[in-house]
Amino acid sequence: MWRLVVLALAAFVAQTCEYLPISVMPAIRDNLALSESAVGSLVTGYAWIAALTATPLTMLTITWDRKALFLILLAVIATAGATGAIAPDYGLLAVSRVLMALAHGVFWAMLAVLGIRLAPHIPRARVLSTVFAGTSLAGVAGVPLAALIGQIAGWRWAFAIFALVAVALAITGLLALPRTPSGHTASKPIHFLGSHRLRAVVAATAIVVAGHFCSYTYIVPLLQQAVGAQTAFVPVLLFVFGAAGAIGAFLSGWARLSATHLAIVATIGIAISQAMSGLAEGPYGLAPILALWGASTAALVVGLQGAAIESVPDNADMASALYVAAFNLGIGGGAVIGGLLTMIAPSAALLWIGAALTATGLVPLIVGRPAPGGMDARQEGV
219 MWRLVVLALA AFVAQTCEYL PISVMPAIRD NLALSESAVG SLVTGYAWIA
269 ALTATPLTML TITWDRKALF LILLAVIATA GATGAIAPDY GLLAVSRVLM
319 ALAHGVFWAM LAVLGIRLAP HIPRARVLST VFAGTSLAGV AGVPLAALIG
369 QIAGWRWAFA IFALVAVALA ITGLLALPRT PSGHTASKPI HFLGSHRLRA
419 VVAATAIVVA GHFCSYTYIV PLLQQAVGAQ TAFVPVLLFV FGAAGAIGAF
469 LSGWARLSAT HLAIVATIGI AISQAMSGLA EGPYGLAPIL ALWGASTAAL
519 VVGLQGAAIE SVPDNADMAS ALYVAAFNLG IGGGAVIGGL LTMIAPSAAL
569 LWIGAALTAT GLVPLIVGRP APGGMDARQE GV
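In structure tokens form, the structure reads like this:
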């Protein structure tokens with residue numbers, strides 16, 4: 219289990235670094251004299267690059283030892299974070315995001331599968347919920363802490379501190395993790411595109427994540443507007459989102475639901491919370507809604523990743539890579555939609571249109587779910 223904790227902490231660092239522009243958006247905007255949509259494009263461009271490179275780079279590194287790959291990717295994340303911290307202008311900051319995005323797709327594609335291989339005696343759903351608890355921890359501690367650092371010391375310190383954390387974690391992984399051969403050879407054929415269920419999971423992932431990030435990319439300015447002069451509540455509300463996510467990730471590992479059914483329930487929860495956020499006012503009205511949103515988002519990741527891996531278990535790395543590509547396609551698409559809406563519509567439109575798009579993702583999830591007695595059904599409760 220302690221090896222899974224190392225992976226969970228790596229997920230925490232990677233997730234926090236990915237969302238740094240969201241966490242410190244107002245500080246970057248003011249320091250570099252940018253618009254919110256320009257800062258949002260740091261998330262959008264990152265996502266497009268990760269989406270385009272996740273599958274080919276995973277194929278390129280499919281034969282590499284998993285521990286070595288894990289350490290290399292953390293080193294790239296640290297280097298990118300340090301570069302962003304010293305960037306004098308938007309150009310170098312964008313370059314740092316490109317570098318991190320190249321590592322991103324491979325990192326998330328291999329992390330869940332590595333966790334399953336390091337703990338074969340633990341049920342798959344619990345392995346995934348443990349590893350992805352790190353992403354929830356990023357919401358609980360990473361994103362609010364980065365936002366707080368941005369307010370107190372400036373956004374550059376947020377980038378620098380989390381780059382140092384990535385270095386520390388790489389050293390920990392070097393000492394704590396065993397060598398883990400990939401299990402693939404250069405001559406071994408890789409077949410994974412013929413699965414109808416995988417295609418359905420990939421489509422649902424892109425749609426639901428786009429709906430979520432249509433709103434979440436701009437969550438800090440949305441919260442600032444909702445709470446008015448009470449801006450000190452913004453880090454607290456981000457903490458509520460993340461804490462609920464940690465609880466949702468934990469419960470996902472113990473829920474007696476198949477991976478697909480878990481993803482369906484989570485999608486409904488996200489859509490409802492987005493729609494309700496557009497109506498809520500003040501920090502106390504927003505807190506329970508953000509709790510539902512955070513818990514549902516964490517459960518969605520566990521459900522979709524599990525469904526992708528189960529759809530083609532013999533090629534779990536590549537199935538995971540396609541899932542990661544779709545996830546980042548959704549992030550980029552959602553950020554673009556949200557950016558356009560910030561220019562032409564009231565802020566509440568980001569939440570309501572996001573909710574409608576999220577709900578649309580239920581269609582491929584329901585249509586593509588396995589028949590009773592299929593692989594997904596057999597994984598129920600595992």
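Numbering (the numbering used here), first residue to last: 219 to 600.
Beta carbons: idealized from backbone N, C-alpha and C, even for Gly.
DSSP on residue i, reduced to helix/strand/coil?
{"i": "ASP532", "result": "helix"}
{"i": "LEU227", "result": "helix"}
{"i": "SER241", "result": "helix"}
{"i": "SER491", "result": "helix"}
{"i": "PRO506", "result": "helix"}
{"i": "HIS479", "result": "helix"}
{"i": "MET561", "result": "helix"}
{"i": "TYR436", "result": "coil"}
{"i": "ILE267", "result": "helix"}
{"i": "SER253", "result": "coil"}
{"i": "TRP375", "result": "helix"}
{"i": "ALA351", "result": "helix"}
{"i": "GLU236", "result": "helix"}
For residue i, which of the options has the nearest alpha-carbon?
{"i": "PRO582", "options": "VAL542, GLU499, HIS479 and ILE571", "result": "HIS479"}
{"i": "GLU212", "options": "ALA537, LEU455 and ALA525", "result": "The requested residue 212 is not part of the displayed model; the chain covers only 219 to 600."}
{"i": "ALA388", "options": "TRP570, GLY552, VAL231 and LEU558", "result": "VAL231"}
{"i": "SER255", "options": "ILE425, TYR308 and ILE465", "result": "TYR308"}
{"i": "LEU311", "options": "ALA298, HIS322, GLY323 and ALA321", "result": "ALA298"}
{"i": "ALA386", "options": "GLY263, ALA228, ILE334 and ILE240", "result": "ALA228"}
{"i": "ALA384", "options": "HIS430, GLY333 and ILE295", "result": "ILE295"}
{"i": "LEU320", "options": "THR279, PRO341, LEU336 and ALA450", "result": "THR279"}
{"i": "PRO306", "options": "TRP266, ALA337, LEU270 and TRP373", "result": "TRP373"}
Classify residue i: buried if its beta carbon has 16 or more other beta carbons within 10 angstroms, exposed otherwise.
{"i": "TYR502", "result": "exposed"}
{"i": "PRO244", "result": "buried"}
{"i": "HIS685", "result": "Since the displayed the chain opens at 219 and closes at 600, residue 685 lies outside it and no answer follows."}
{"i": "ALA376", "result": "buried"}
{"i": "ARG397", "result": "exposed"}
{"i": "VAL530", "result": "buried"}
{"i": "VAL224", "result": "buried"}
{"i": "MET536", "result": "buried"}
{"i": "VAL585", "result": "exposed"}
{"i": "ASN533", "result": "buried"}
{"i": "VAL392", "result": "Sequence inspection shows Leu at residue 392; the Val mentioned does not correspond to that position. Exposed: under 16 other Cβ atoms inside 10 Å."}
{"i": "TRP220", "result": "exposed"}
{"i": "THR262", "result": "buried"}
Nearer than 7 angstroms: is that true of the beta carbon of residue i relative to any heavy atom of the ligand PLP?
{"i": "LEU270", "result": "The ligand PLP is not among the ligands present in this structure, which contains no ligands whatsoever."}
Can you round the beta-carbon distance between residue i and residue j to whole angstroms, since I take them to be within the 8 angstroms contact cut?
{"i": "GLY471", "j": "THR348", "result": "7 angstroms"}
{"i": "TRP511", "j": "ILE488", "result": "6 angstroms"}
Pair every Cβ in the stretch 511-529 with every Cβ in the stretch 415-429, then say whether three or more of these pairs are closer than 8 angstroms. yes
Are the stretch 512-522 and the stretch 291-305 in contact at 8 angstroms, needing three or more beta carbon pairs? no
Would the stretch 537-554 count as touching the stretch 486-500 if we require 3 or more Cβ pairs under 8 angstroms? no
Tell me whether the stretch 568-578 and the stretch 286-293 touch, counting them as touching only if at least three CB pairs, one residue from each stretch, are closer than 8 angstroms. no
Closer than 8 angstroms is the cut-off here; do at least three beta carbon pairs connect the stretch 557-568 with the stretch 247-263? yes
Is the number of C-beta pairs between the stretch 434-442 and the stretch 325-337 that are closer than 8 angstroms three or more? They do not touch, by the three-pair rule.
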